[in-house]
């Protein structure tokens, strides 16, 4: 059996060769450097750097705020996608286009504007302050920033799934005597669940590694409001390359496992592969 | 109303929640950027955009995008040709590796180059001996940007070309066209909207990238500061009007990107519909 199947089209060698060459240069060799660096640590050193109390506190904060943000996005993203696909209302196309804003807006801009709005004299923060809610410089603020950047994932994955719903299925359920809520919860929701889960997982994965939009609103207090990716930068600025590498390896492993899980889940459920930027 | 059996009040409630949620999460921040940028008047706004540090940040950002875009476009075209037009072993692995930069935190994308080229890095000693600076200099900024924007064009073209199939190219070759003629006259016209779409997304990310560039740039004012980093420095110096003025430029760009993206989507839909009729 040969390496490739025969084709009359030319250019296989040069295009594949260049693809592999460029991929190695830009991605594989630099990532290899990270792995190589981490092997220069002994197991005990690695464990000490990756599980120091300050680092563990940052894992917990990052995981919990990412989870909360992804849950909020799954709930509201579902409603947004549903309304955009099934209903016509004035300005629907502009609203639809606007959903891409968090993808298109540089994260530093999202960061400074969110922290200004939610500061205690900000547009929204001033209404939260009398209620005793502190948004900016707290875990809540981090979650708000993560909701912002994860918002498009759920909406953009749910939209095609909702469009492909078979109207006959709903009509059949209705004619067999199901009421509106029963039709939704027993017929529509189960068929949308794979897409919803995928969107949730992608928003969660994006939130785990997010940096730019979070650091301005977070306050960045060690043990309290310091996310993991910021801790990597802090270690680098202190020239603690080993510490930065150890945390980065833990983060990389987490996001790979998550993406592997998403891919397996998608293959398993047969859900359409989400096209996200 | 398009379809569905749900009662009228449910519809209005869901539309209401949609508008409220998106209004709060997207419209308020969008408006706030421009209000904050113009808070001290048009004069301050224009002055903050015209100051030398801002201009050099704009220049560096555009230069970085101008290098990253063609590199990743050529790569995307090569990868799509090899992957979508030929069957070979290890294709799945290759596709996964191309997706890799999307899965990595931007901070780690910067870190890997620091570990490779930084003063204490694997090649750091050799580079220092030969007086080559990559980290805390332009090459580092470009490398980090190329890394984070690496998959955009390829990811757009591969599924598109797979869907189109290679029969037309095979026909062209059989009729005596050269490989290059086949590519420029048969393939390129078929994929131009997809290519443009990939380039738009790639460009948006290249201009806006913050985390990865922040790690490798060293924040040297006037030399390694991109526009997003310039925004960060001004903001941390409590120079809010200037920070938001620079941010407003990036926001206008983001709006243009969304508009261009929608225009391309519209064209693609239309050319696909035209094909179906023909």
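Protein chains in written order, with the numbering used here: chain A, 1 to 277; chain B, 1 to 278. The beta-carbon is built from N, C-alpha and C at its ideal position, and this holds for glycine as well.
Original post:
Closer than 8 Å, Cβ to any Cβ of chain B: which residues of the segment 66-84 of chain A, in chain order?
Top reply: 76, 79, 80, 82, 83 and 84
Original post:
Of all the CB atoms in chain A, is at least one closer than 8 Å to the CB of residue 164/B?
Top reply: In the second chain, residue 164/B corresponds to position 164, counting from 1. No, residue 164/B does not count as interfacial toward chain A.
**OP:** Could you check how far apart the C-beta atoms of residue 248/A and residue 34/A are, in whole angstroms? I think they sit under 8 Å.
**Re:** Looking up residue 248/A in the first chain gives position 248. Looking up residue 34/A in the first chain gives position 34. Indeed, because the Cβ distance is near 6 Å, the residues count as touching under 8 Å.
Original post:
Which residue or residues does DSSP assign as beta-bridge partners of residue 4/A?
Top reply: For this step, residue 4/A is matched to residue 4 along the first chain. DSSP lists 88/B as partners of residue 4/A.
Subject >> Within 8 Å, strictly: CB atoms of residue 125/A and residue 215/A >> reply: Indexing the first chain from 1 puts residue 125/A at position 125. Indexing the first chain from 1 puts residue 215/A at position 215. Their beta carbons are not under 8 Å apart, which means residue 125/A does not touch residue 215/A by this criterion.
**OP:** Return the chain-ordered list of same chain residues with a C-beta closer than 8 Å to the C-beta of residue 259/A, the five sequence neighbours on each side being excluded.
**Re:** Taking the first residue of the first chain as position 1, residue 259/A is located at position 259. Excluding residues within five positions, the ones whose Cβ falls inside 8 Å are 205.
Original post:
In whole angstroms, what separates the C-alpha of residue 87/B from that of residue 184/B?
Top reply: The sequence position of residue 87/B within the second chain is 87, counting from 1. The sequence position of residue 184/B within the second chain is 184, counting from 1. Rounded to whole angstroms, residue 87/B to residue 184/B spans 22 Å at the Cα level.
Subject >> contact_flag[the segment 190-209 of chain B, the segment 237-257 of chain B] where n(CB pairs < 8 Å) is 3 or more >> reply: yes
Original post:
Nearest-angstrom Cα distance between residue 158/B and residue 41/B?
Top reply: One-based indexing of the second chain puts residue 158/B at position 158. One-based indexing of the second chain puts residue 41/B at position 41. Taking the straight line from one Cα to the other gives about 48 Å.
**OP:** Can you have a look at residue 82/A and say buried or exposed, based on whether 16 or more other CB atoms are within 10 angstroms of its CB?
**Re:** Along the first chain, one-based indexing puts residue 82/A at 82. Classification for residue 82/A: buried.
**OP:** Using the Cα positions of residue 259/B and residue 200/B, report the straight-line distance between them to the nearest angstrom.
**Re:** In the second chain, residue 259/B corresponds to position 259, counting from 1. In the second chain, residue 200/B corresponds to position 200, counting from 1. Approximately 10 Å, taken between the alpha carbons.
Subject >> 6 Å Cβ shell around residue 46/A - same chain, five flanking residues per side excluded >> reply: Translated into positions along the first chain, residue 46/A becomes position 46. Excluding sequence neighbours, residue 46/A sits near 246.
Original post:
Regarding residue 46/A and the ligand GDP, is the C-beta to nearest heavy atom distance less than 7 Å?
Top reply: As far as ligands go, the structure on display features none, and thus does not contain the ligand GDP.
**OP:** Give the straight-line distance between the Cα atoms of residue 100/B and residue 196/B, rounded to the nearest whole angstrom.
**Re:** To locate residue 100/B, count along the second chain from 1; it is residue 100. To locate residue 196/B, count along the second chain from 1; it is residue 196. Cα-Cα distance, rounded: 22 Å.
Original post:
So which residues of chain B does residue 124/A contact, with C-beta pairs closer than 8 Å?
Top reply: Residue 124/A sits at position 124 when you count from the first residue of the first chain. Within 8 Å Cβ-Cβ: 24 and 28.
**OP:** Quick one: using the 10 Å Cβ neighbour count with 16 as the cut-off for buried, is residue 151/B buried or exposed?
**Re:** Counting from 1 along the second chain, the entry for residue 151/B is found at position 151. Result: buried.
Original post:
When Cβ atoms are compared, which residues of the segment 250-264 of chain B fall closer than 7 Å to chain A?
Top reply: 250, 251, 254, 257, 258, 261 and 262
Original post:
How would you write the range of the alpha helix (DSSP H) that residue 43/A sits in, first residue to last?
Top reply: For this step, residue 43/A is matched to residue 43 along the first chain. Segment 43-50, the alpha helix (DSSP H) holding residue 43/A.
**OP:** May I have the straight-line CA-CA distance separating residue 91/A from residue 14/B, to the nearest angstrom?
**Re:** Within the first chain, numbered from 1, the residue matching residue 91/A stands at position 91. Within the second chain, numbered from 1, the residue matching residue 14/B stands at position 14. C-alpha separation (whole angstroms): 15 Å.
**OP:** Quick one: residues in its chain with C-beta nearer than 7 Å to the C-beta of residue 203/B, no 5 flanking neighbours on either side, listed in chain order?
**Re:** For this step, residue 203/B is matched to residue 203 along the second chain. Taken in chain order, the residues that qualify are 65 and 69.
Subject >> Unbroken alpha helix (DSSP H) run spanning residue 45/B, endpoints >> reply: The residue given as residue 45/B occupies position 45 in the second chain. Looking at the DSSP string, the run of the alpha helix (DSSP H) that includes residue 45/B is 41-50.
**OP:** Please list, in chain order, all residues of the same chain as residue 16/A whose beta carbon is under 7 Å from its beta carbon, the five residues on each side excluded.
**Re:** What you label residue 16/A is simply residue 16 of the first chain in a count that begins at 1. Same-chain partners within the cutoff: there are none.
Subject >> Within 8 Å, strictly: CB atoms of residue 12/A and residue 82/B >> reply: Locating residue 12/A in the first chain gives position 12, where the first residue counts as 1. Locating residue 82/B in the second chain gives position 82, where the first residue counts as 1. For residue 12/A and residue 82/B, yes; Cβs fall inside 8 Å.
Original post:
How long is the line joining the alpha carbons of residue 255/B and residue 218/B, rounded to whole angstroms?
Top reply: Residue 255/B sits at position 255 when you count from the first residue of the second chain. Residue 218/B sits at position 218 when you count from the first residue of the second chain. The alpha-carbon atoms of residue 255/B and residue 218/B are separated by roughly 29 Å.
Original post:
Assuming residue 106/B and residue 209/A make a contact with CB atoms under 8 Å, what is their CB distance in whole Å?
Top reply: Reading the second chain from its first residue, position 106 is the one you call residue 106/B. Reading the first chain from its first residue, position 209 is the one you call residue 209/A. Sure, about 7 Å apart at Cβ, within 8 Å.
Original post:
For residue 212/A versus residue 70/A, is the C-beta distance shorter than 8 Å?
Top reply: Here residue 212/A refers to the residue found at position 212 of the first chain. Here residue 70/A refers to the residue found at position 70 of the first chain. For residue 212/A and residue 70/A, no; Cβs fall outside 8 Å.
Original post:
Using the rule of at least 16 other Cβ atoms within 10 Å of the residue's Cβ for burial, across every protein chain shown, is residue 150/A buried or exposed?
Top reply: As a working mapping, residue 150/A is identified with position 150 in the first chain. Its Cβ being crowded by 16 or more others within 10 Å, residue 150/A is buried.
Original post:
Span of the alpha helix (DSSP H) holding residue 96/A?
Top reply: Taking the first chain and counting its residues from 1, one reaches residue 96/A at position 96. Taken as a continuous stretch (DSSP letters only), the alpha helix (DSSP H) holding residue 96/A covers 92-98.
Subject >> Coil, strand or helix - residue 130/B by DSSP >> reply: Mapped onto the second chain, residue 130/B falls at position 130. Of the three classes helix, strand and coil, the one that applies to residue 130/B here is coil, per DSSP.
Original post:
In angstroms, rounded to a whole number, what distance separates the CA positions of residue 180/B and residue 143/B?
Top reply: For this step, residue 180/B is matched to residue 180 along the second chain. For this step, residue 143/B is matched to residue 143 along the second chain. Going by the C-alpha atoms only, they are around 29 Å apart.
**OP:** Check the Cβ of residue 106/B against every Cβ in chain A and list those closer than 9 Å, keeping chain order.
**Re:** Numbered from 1 along the second chain, position 106 holds the residue referred to as residue 106/B. In chain order: 107, 209, 210, 211, 212 and 229.
**OP:** Indicate whether residue 191/B and residue 182/B have their beta-carbon atoms separated by less than 8 Å.
**Re:** Here residue 191/B is taken as the residue at index 191 of the second chain, counted from 1. Here residue 182/B is taken as the residue at index 182 of the second chain, counted from 1. No. Outside cutoff.
**OP:** With a 10 Å radius around its C-beta and 16 neighbouring C-beta atoms as the bar for buried, classify residue 130/A as buried or exposed.
**Re:** Taking the first chain and counting its residues from 1, the one referred to as residue 130/A is at position 130. By the neighbour-count rule (16 or more Cβ atoms within 10 Å), residue 130/A is not buried but exposed.
Subject >> Option nearest residue 32/B by Cα separation, candidates 273/B, 243/B, 263/B and 257/B >> reply: In the second chain, counting from the first residue as 1, residue 32/B sits at position 32. Among 273/B, 243/B, 263/B and 257/B, the Cα nearest to that of residue 32/B belongs to 243/B.
Original post:
Rounded to a whole number of angstroms, what is the C-alpha to C-alpha distance between residue 278/A and residue 175/A?
Top reply: Absent from the structure is residue 278/A, since the part of chain A shown begins at 1 and ends at 277.
Original post:
Looking at the structure shown, is residue 190/B part of a helix, part of a strand, or coil, going by DSSP?
Top reply: Taking the first residue of the second chain as position 1, residue 190/B is located at position 190. Here residue 190/B sits in helix by DSSP.
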